[in-house]
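Counting along the sequence shown from 1, when you hit position 94 you're at 94 in UniProt numbering, and nothing is skipped either side.
Even glycine gets a Cβ: it sits at the ideal position worked out from N, Cα and C.
Scroll down for the structure; my scribbles are underneath it.
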Amino acid sequence: MLNGTSFISMRSIASKLVASDELGKVNSLFGVAEALMPLVYAPLYTTVYSLSINVLPGAFFLLGGALTSPAVVIFLWMYRVHRREARELAEEKRAEDKYRQLDDSAESNGGRTIGVEQLERKHTVPDY
């Protein structure tokens, strides 16, 4: 029932991590991977089940968990990168808003307050 949700979330996060001109390549990669997985995993599970039915009947479940682990790691990595980029974007926007407010207040007070140019000159180190 929830099997397809992982594909949806992976596609969503991946689409936010790549440039807009790369979306087709990423979606085709996901489509090919989704189409090939049943071709690889069905025979693999059948073989493991038939070889381990007498020893450990649930071995194919253990195999499924082991094969899912890399996908979970990749998903967590993609989620972490997405969160970091969103945080950096929010910080940049806050900084731009702060400088815009400083610039607007300098213009409205006739230049009596410190403007953006004065702040930038104040914090630059001269080259000697």
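Just to check my reading of the structure: residue i and residue j have Cβ atoms closer than 8 Å, yes? What is that Cβ distance to the nearest angstrom?
| i | j | result |
| --- | --- | --- |
| L56 | Y45 | 14 Å between Cβ atoms; not a contact. |
| S69 | A59 | That belief does not hold up - the Cβ atoms of S69 and A59 are roughly 16 Å apart, past 8 Å. |
Starting from the Cα of residue i, find the closest Cα among the options and give me that residue.
| i | options | result |
| --- | --- | --- |
| K16 | R80, F60, M37 | R80 |
| F30 | A71, F7, K98, E96 | F7 |
Alpha carbon to alpha carbon, how far is residue j from residue i? Give it in angstroms, no decimals.
| i | j | result |
| --- | --- | --- |
| L39 | A33 | 10 Å |
| K25 | S105 | 47 Å |
| V18 | F61 | 34 Å |
| E22 | S50 | 42 Å |
| V48 | V73 | 24 Å |
| L67 | A35 | 17 Å |
| K93 | R84 | 14 Å |
| L89 | S20 | 17 Å |
| E91 | D97 | 10 Å |
| M1 | A86 | With a pLDDT of 44 at M1, under the threshold of 50, the modelled position of this residue cannot be trusted, and the question is left open. |
By Cβ distance below 6 Å, which residues in the same chain neighbour residue i in space, the five residues on each side in sequence not counted?
| i | result |
| --- | --- |
| M78 | I13 |
| S28 | none |
Residues in the same chain with beta-carbon distance under 8 Å from residue i, minus the five sequence neighbours each way, listed in chain order, please.
| i | result |
| --- | --- |
| F75 | S6, S9, M10, I13 |
| H82 | I13, K16, L17 |
Got a sec? Which residues, its chain only, sit under 7 Å from residue i by beta carbon, not counting five neighbours each side?
| i | result |
| --- | --- |
| A42 | none |
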